Structure formats: C-alpha cells, structure tokens
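Protein chains in written order, with the numbering used here: chain G, 8 to 154; chain X, 110 to 256. The structure appears right after this line, and notes come after that.
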Amino acid sequence: MVKWTEEERRIVRGVWEKVDIDEIGAELWARALIVYPWIERYFGSFGDIFTTTAILNNPKLAALGKVVLSALDTAVKNIDHFKAMYASLSRQHYEKIKVDPDNFRLLAECITITIACKLRAELNPQVQATWQKFLSAVVEAMSSQYK
Amino acid sequence: MVAWSDQERSIITSIFSNLDYNDVGPKALIRCLIVYPWTQRYFASFGNLYNADAIKTNPNIQAHGTKILHGLDRAVKNMDDIKTTYAELSVLHSEKLHVDPDNFKLLADCLTIVIAAKMGSGFTPEIQETFQKFLAVVVSALGKQYH
C-alpha cells in the first residue's frame, strides 16, 4: 500500500483545491488528443475531435473530462483507500472500453502539464514530485484489474 | 530523417529565443534531481545534494543546468540533422558518463514542465506537441550511439 506523509497529503489537497474541474476538463483532452493522436481511436462516436477548437467545444469531451476529474476527486479524498474503490473502473476500462493502460500514464502527464500551465511557479519541484507520486498511484489503480 | 514544418521550426526557435538559459537550464536539472532522486547518482562529485534546498543552491548544478540548455541550442540550430549533431555527445554519455538513456526522457519531461509553467496558457496543445516532438528527437539522438 502506498504511504503518504502529512506533508504529501497537504500538497495533493493543495494542488487539487486550485483545479477548476469545468475549466480543466476539456483542456486535458485537448492536450491528450493533439499530442498523442492515436487516443482518437477511443472516441469514434464523439464527433469532431480533430482540432483544439473542436475539442474544447465538444460537449461529450467536456462531460467526459468532468467524469475523469470527479474520479480523481474521489482519489484525493480517499487517498489511503482509492485503489480498492477504483477496481470496477479498472475492470470497465479493461473489459469493456479496452483502453491500452499506457494511455493512463499519457493522460496523467497531460493533467500535470495542464496544472503546470495554471499553477506555474506554485508547482515547484517538491510539489511536482508529490503530485506525480499521487498520479502514479492513480495510474496503478486504473491498471490493477488488467491481466 | 525527421520532417519539420515551417510552423514547427518557428515554434521551437521562438521558445528558445525567449529563454533565460541561466534560469531555465538549472530549473530543469534541479527539478529532475528532486522529482527523480536516483538521477542524483550522476552528480556525486558535485557536492551537497542532500535535500531540495541544497540542490537548489548548489553552484555546480546551476552551471551544469545552463550547460545542458546550451547543448540543446545545437539541436535547435541543426534541426534537420540532430542525430549527427549529437553523435559525439551520445558516445560521451554512453561510454564515459554511463548515463542510463531512460534518464534523458526524465530530464526532457522536467524541461517541458518548466517551459509550461513559464508560458502558462501560452503553452497551447499545439506548442506542447511540437516541443515534445523536438525533445523526443533529441532524446532519441542521445541514445543512438548506445550499444
């Protein structure tokens, strides 16, 4: 089980408090789909997802962004237990959506970059280290039911 | 050979022409040493790296960070043949410095975060895509002479 110091818990909550779920939800998909375009294969039914403008105005992606960030919110608020809570989500991505688990890491990277653009100097090295430790734990939880 | 559009060339030269090398270089290296602490093993002769504050104020790290960024200059100026430009540097890192080539990607990721934090909302998905493409070519060139 991942261990968290008081300082690390404080840092993760501190970063998360500054995240506006409505603002960032669409942006993280824009980064993921533009920088790693093979991810488009998972969004065949989402309509126009081929330019930044289209992505930022796509209501299905905005809605999905909120879903992803709400799941992240659950992890922030249950930092000691979320791996178990993520089991059914992991199974869904493995069995039903069939997402290559490498893409969890890429999306996590895009989340960090989106946050870096917003928080700027506040995402100092120690904060980045802790935030990435948290996202690694999330990625691991998302991959946990893959065989 | 990697193909670069005019727009990509202009994005890369613009990013580098707006950089304070003495600021961004050290920041990227410091971040790498804090976020990925095993990279400190390559700097055993650099003096005190025992904690984040020591790393941030270490003059050898400062100088080396600047040097690394100036090294990237050569790639910016020779975008059509980064592989040949870096052949000697790759041999040096493999045979003399014994750097695990995985670490090139880690430093590249830290540089991306420093640039993202610097540019804020100006670090658009398209700019991120081009910058990461550039760094991927650099990382590949640095690993090319390893055997």
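Note that beta-carbon positions come from the ideal geometry of N, C-alpha and C, so glycine has one too. Because the structure is a prediction, the values reported are computed rather than measured.
- Query: Counting only beta-carbon atoms, is A37 of chain G nearer than 8 Å to chain X?
  - Reply: Here residue 37 of chain G corresponds to residue number 30 of the first sequence, with the count starting at 1. By this cut-off, A37 of chain G is an interface position.
- Item | Cutoff 8 Å: E235 of chain X Cβ touching any chain G Cβ | On the second sequence, residue 235 of chain X is found 126 positions in, with the first residue counted as 1. Yes, because at least one Cβ of chain G sits closer than 8 Å to the Cβ of E235 of chain X.
- Tell me which same chain residues have a C-beta within less than 7 Å of the C-beta of V19 of chain G, skipping the five on either side of it? Reading the first sequence from its first residue, position 12 is the one you call residue 19 of chain G. Hits under 7 Å: V83, I86, T137, W138 and F141.
- Item | chain X residues whose Cβ lies nearer than 7 Å to that of V42 of chain G | Here the question's residue 42 of chain G lines up with position 35 in the first sequence. Those are P234, Q237, E238 and Q241, listed as they occur along chain X.
- Task: Sort X:I224, X:A245 and X:V200 by Cα distance to H256 of chain X and report the nearest one.
- Result: In the second sequence, residue 256 of chain X corresponds to position 147, counting from 1. The shortest Cα separation from H256 of chain X among X:I224, X:A245 and X:V200 belongs to X:V200.
- Item | Within the region 128-212 of chain X, ranges of the beta strand (DSSP E) (whole runs, at least 3 residues) | none
- Message: For the structure I just gave you, are there three or more beta carbon pairs, one from the region 155-164 of chain X and one from the region 188-208 of chain X, closer than 8 Å?
- Response: no
- Query: Are the region 24-35 of chain G and the region 59-76 of chain G in contact at 8 Å, needing three or more beta carbon pairs?
  - Reply: yes
- Message: Only counting the same chain, and skipping five residues up and downstream in sequence, which positions put a Cβ closer than 7 Å to that of N167 of chain X?
- Response: For the purposes of this step, residue 167 of chain X is taken as residue 58 along the second sequence, with counting starting at 1. Contacts found: F155, G156, N157 and L158.
- Considering only C-alpha positions, which residue in the set G:K10, G:M8, G:G21 and G:W36 is nearest to A115 of chain G? In the first sequence, the residue the question calls residue 115 of chain G occupies position 108. The shortest C-alpha separation from A115 of chain G is found at G:W36.
- Task: Reducing DSSP to helix, strand and coil, say where T111 of chain X ends up.
- Result: Counting from 1 along the second sequence, the entry for residue 111 of chain X is found at position 2. The amino acid occupying residue 111 of chain X in the given sequence is Val; Thr does not appear at that position. Here V111 of chain X sits in coil by DSSP.
- Going by alpha carbons, who is nearest to H207 of chain X out of X:S126, X:L142, X:I124 and X:R150? Taking the second sequence and counting its residues from 1, one reaches residue 207 of chain X at position 98. Measuring from the Cα of H207 of chain X, the nearest candidate turns out to be X:R150.
- Starting from Q152 of chain G, trace the alpha helix (DSSP H) both ways and give me its first and last residue. Reading the first sequence from its first residue, position 145 is the one you call residue 152 of chain G. Q152 of chain G -> no alpha helix (DSSP H), and no H or E assigned at all.
- Item | Rounded C-alpha distance that separates F57 of chain G from N65 of chain G | If you number the first sequence from 1, residue 57 of chain G lands on position 50. If you number the first sequence from 1, residue 65 of chain G lands on position 58. Cα to Cα, the separation comes out at about 10 Å.
- Sorted by chain position, which residues of the same chain lie with C-beta nearer than 8 Å to A245 of chain X's C-beta, five sequence neighbours on each side aside? For this step, residue 245 of chain X is matched to residue 136 along the second sequence. Correct list, in chain order: A217.
- Message: Does the structure place the region 119-132 of chain X close enough to the region 38-45 of chain G that three or more beta carbon pairs sit under 8 Å?
- Response: no
- Item | Local conformation of M8 of chain G per DSSP, three classes | Within the first sequence, numbered from 1, the residue matching residue 8 of chain G stands at position 1. Coil at M8 of chain G, not helix or strand.
- Query: Does the region 218-227 of chain X come within contact of the region 11-18 of chain G, defined as at least 3 CB pairs closer than 8 Å?
  - Reply: no
- Euclidean distance between Cα positions of V134 of chain G and I41 of chain G: Working through the first sequence from its first residue, we reach residue 134 of chain G at position 127. Working through the first sequence from its first residue, we reach residue 41 of chain G at position 34. About 26 Å.
- Could you say which of G:W11, G:E13, G:T12 and G:R38 lies nearest to I118 of chain G if we only look at CA atoms? Against the first sequence, residue 118 of chain G aligns to sequence position 111. Closest option to I118 of chain G, Cα to Cα, is G:R38.
- Message: Within a Cβ cutoff of 7 Å, which residues of the same chain sit near M192 of chain X, ignoring the five residues on either side of it in sequence?
- Response: One-based indexing of the second sequence puts residue 192 of chain X at position 83. Going by the sequence as given, residue 192 of chain X is Lys instead of Met. Around K192 of chain X: A250 and K253.
- L178 of chain X and V248 of chain X look like a contact to me (Cβ under 8 Å); what is the Cβ gap, rounded to whole Å? Counting from 1 along the second sequence, the entry for residue 178 of chain X is found at position 69. Counting from 1 along the second sequence, the entry for residue 248 of chain X is found at position 139. Not confirmed; about 15 Å, so no contact.
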